[in-house]
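See structure below.
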Amino acid sequence: MFLEIITPDKKIFNGEVKLVQLPGTKGAFVILKNHAPIISTLDKGTLKVIEENGKEHLFEVDGGVIENKANKIVVLVESA
886 MFLEIITPDK
896 KIFNGEVKLV
906 QLPGTKGAFV
916 ILKNHAPIIS
926 TLDKGTLKVI
936 EENGKEHLFE
946 VDGGVIENKA
956 NKIVVLVESA
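For the sequence shown, the numbering used here gives the first residue as 886, with consecutive numbering after it.
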């Protein structure tokens, strides 16, 4: 899956990942390969990313939106 995490100022992550855990406004959720298309709002919390090579990243976000379609995930956040 390809992931982009973007703030109003800059792109903070761009690359191939195998897992994304997000703080949804109605509860945390995980996106794995071939997840159904989804658009959701995000709450303040921790966004966890695991790259294909196993490297883990944690981003503290202040809310935003996420779109997943055809294994391409775009996360727009207020700040991270």
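By construction, the Cβ of each residue, glycine as well, lies at the ideal position given by its N, Cα and C atoms.
Query: Host beta strand (DSSP E) of Ser925 (start-end); Result: 923-936
Query: DSSP beta-bridge partners of Asn899; Result: Glu889
Query: Residues near Val902 in its chain [Cβ-Cβ closer than 7 Å; skip 5 each side]; Result: Met886, Leu888, Val934, Ile935, Glu936, Glu937
Query: Whole-number beta carbon distance between His920 and Asn953, since they are thought to touch under 8 Å; Result: 6 Å
Query: 8 Å Cβ cutoff met for Asp894 and Gly909; Result: no
Query: 8 Å Cβ cutoff met for Val946 and Ala965; Result: yes
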